[in-house]
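Asker: Sharing a structure with you now.
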Amino acid sequence: MLVISRKEDQRIKIGDDIEIVIVSIEKNQVKIGIEAPRDVQILRSELIDEIKKENIKANKEIDLDKLKDFSKAMNEN
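Listed below in structure tokens is the structure:
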């Protein structure tokens with residue numbers, strides 16, 4: 002991991018087309034802006050973790066009998 006210090010309004014370049022901007026620094030919070038092409042997905046890691054947890058939870062809640070019934074119905078058509 003690269004660790005660097007930046008001040009407000011300073012920037013960090015990642016490759017040719019991604020730029021991180023330090024928007025503001027207040028007490029215990031740093032606000033950053035990210036300039037990147039639209040096809041680059043940018044997500045907060047805590048959001049990704051929450052999505053993973055919800056997906057695991059949803060998979061555990063599947064009623065196998067209902068799934069078998071659904072499979073039978075699909076094969077009959």
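Quick note on my numbering: the sequence shown kicks off at 2 and runs consecutively. Don't be surprised by glycine CBs; every beta carbon is placed ideally from N, CA and C.
Name the residue from D66, M75, I26 whose alpha carbon lies nearest to the alpha carbon of D10.
Answerer: Residue mapping note: residue 10 aligns to position 9 of the sequence shown, counting from 1. It is I26.
Asker: Check the DSSP bridge columns for K32 and list the partner residues they point to.
Answerer: The residue given as residue 32 occupies position 31 in the sequence shown. S25, per the DSSP bridge assignment.
Asker: With distances taken from CA atoms, which of E36, E55, V24, K69 is nearest D17?
Answerer: Locating residue 17 in the sequence shown gives position 16, where the first residue counts as 1. Nearest C-alpha to D17: E36.
Asker: Looking at E20 and K28, is the spacing between their C-beta atoms short of 9 Å?
Answerer: The residue labelled residue 28 in the question sits at position 27 within the sequence shown. The residue labelled residue 20 in the question sits at position 19 within the sequence shown. For K28 and E20, no; Cβs fall outside 9 Å.
Asker: To the nearest angstrom, report how far apart E47 and K61 are at their CA atoms.
Answerer: Here residue 47 is taken as the residue at index 46 of the sequence shown, counted from 1. Here residue 61 is taken as the residue at index 60 of the sequence shown, counted from 1. Computed Cα separation, rounded: 21 Å.
Asker: Who does I19 pair with in a DSSP beta bridge?
Answerer: For the purposes of this step, residue 19 is identified with residue 18 of the sequence shown, where counting begins at 1. Note: I19 sits in a beta bridge opposite I15.
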